[in-house]
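Here our numbering is used: the first residue of the sequence shown is 5, the next is one more, and so on.
All C-beta atoms, glycine included, are put in the ideal place defined by N, C-alpha and C.
All values derive from a computational prediction rather than experimental measurement.
Written out below as structure tokens is the structure these notes cover.
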Amino acid sequence: MLKSWKSIQPYALVTPQTLVLLLFLVLPILMIFIVSFWQFDGIQMIPGFTLDNYKSIFTSDVTLRTYLNTFKYVFLVWFFCLAIAFPVAYFLAFFIEDQKWQIILFLVCTVPFWTSNIIRMISWVPVLGREGLVNSTLVRLGLINQPLEWLLFSDFAIVLGMVHLYNFFMIAPIFNSLMRIDRSLITAARDMGASGFQILKEIILPLAAPGIAIGSIFVVTLVMGEFVTVRMMGGGQAASVGKMIQTQIGSLQYPLAAANAVILLLVTLLLVMAILRVVDIRKEL
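See below:
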């Protein structure tokens, strides 16, 4: 009896997690995949099998431009998040020696998460608006004659809002990678006459690559499905795949929305796989 229990014990331990995974992840994705082949007659969904939803996606110029626009947001947000996160993480890891201050400053980076996403987006309106703080200051200083229209409800505002939202997801893994670096490697490199740039290029960046990859996965996956920031910061003048799916759901076009969701999931998985092919993140796990 004891031997039989020991033989099934590993399966008993993984059964609850497996059931949760199947129920809340695999099953919903499977249902979305099935619905993506159904029809919509303008009133109701008709169960069946058709490729019309996918054909309409790949033959629609508007849809393809929306996907390209989403990829543009992904690249820009990823680039600026990395450009901001790496110097911040580097400063915390190598210039702040007191662990107490490292923790305090790291927690400061989490301040935006103390409020909801919507409140954080709304907070940019009085800053970037036509009569906002930035435009008012520039006009008073005589740097511009009239308010800048592109500060709010534009691609600039959308990218700024997303960077504001997701920058911490890049800072945290990079900081973790930098903290794992053996400081004796840097000391040895300096003793051998390596310059600061050589140390950064040959030691710090390669060892920080897993953290950069993990942060990139977080940012890419979050931005690919983003729609709230696009709606609020774009003022209805910009589009993304996430916003398009939301609009289709609002108009009860569930099969078409499901087809877009499937394609979005596949594209996101391809991007994640490409990142994993370039960098081995197992060092961080």
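- In this structure the segment 251 to 263 lies against the segment 37 to 57, because at least three pairs of beta carbons, one per stretch, are closer than 8 Å.
- Contact between LYS247 and PHE231 holds, with the beta-carbon distance rounding to 4 Å and staying under 8 Å.
- With a contact defined as Cβ atoms closer than 8 Å, LEU164 and VAL129 miss out at about 12 Å.
- Non-local beta-carbon contacts of ILE100 in its own chain, meaning distances under 8 Å to residues more than five positions away in sequence, involve GLN106, LEU109 in chain order.
- Looking at MET196, PHE53, THR74, the one whose alpha-carbon comes closest to that of MET228 is THR74.
- CA-CA distance, GLY133 to ASP65, rounds to 32 Å.
- PRO51 sits exposed, since fewer than 16 C-beta atoms from the chains shown fall within 10 Å of its C-beta.
- Rounded to whole angstroms, the gap between the alpha carbons of PHE117 and ASP45 is 42 Å.
- Between the alpha carbons of ILE162 and THR272 lies a distance of about 20 Å.
- Contact between the segment 84 to 100 and the segment 178 to 188 is present, with at least three C-beta pairs closer than 8 Å.
- From the listed residues ARG281, ALA278, LEU274, SER244, the smallest Cα separation to LEU68 is found for SER244.
- For CYS113, there is no enclosing alpha helix (DSSP H), as DSSP gives it neither H nor E.
- Rounded to whole angstroms, the gap between the alpha carbons of ILE12 and ARG281 is 36 Å.
- Taking C-beta separations shorter than 6 Å and ignoring five residues to either side along the sequence, the partners of PRO151 in its chain run ARG134, ASN139, following chain order.
- Collapsing the DSSP output to three states places PHE53 in coil.
- Per the DSSP secondary-structure output, GLN43 pairs in a beta bridge with ILE50.
- When secondary structure is reduced to three states using DSSP, MET228 falls in the helix class.
- Per DSSP, the continuous alpha helix (DSSP H) segment holding GLY200 begins and ends at 200 to 203.
- Under the three-state reduction of DSSP, TRP154 is assigned to helix.
- Distance between ILE148 and GLN48, taken at the CA atoms: about 54 Å.
- Residue environment for PHE172: buried (at least 16 other C-beta atoms within 10 angstroms of its C-beta).
- Of all C-beta pairs linking the segment 214 to 224 to the segment 79 to 88, three or more are shorter than 8 Å, placing the two stretches in contact.
- Distance from the CA atom of GLY136 to the CA atom of TRP154, rounded to whole angstroms, is 12 Å.
- Per DSSP, TRP82 is one residue of the alpha helix (DSSP H) stretching across 65 to 94.
- Distance from the Cα of VAL167 is smallest, within the candidate group ILE126, TYR77, GLY254, for TYR77.
- Taking all protein chains in view, the Cβ of PRO14 is surrounded by fewer than 16 other Cβ atoms within 10 Å, so the residue is classified as exposed.
- Remark: C-beta atoms of ILE61 and ILE267 approach each other more closely than 8 Å.
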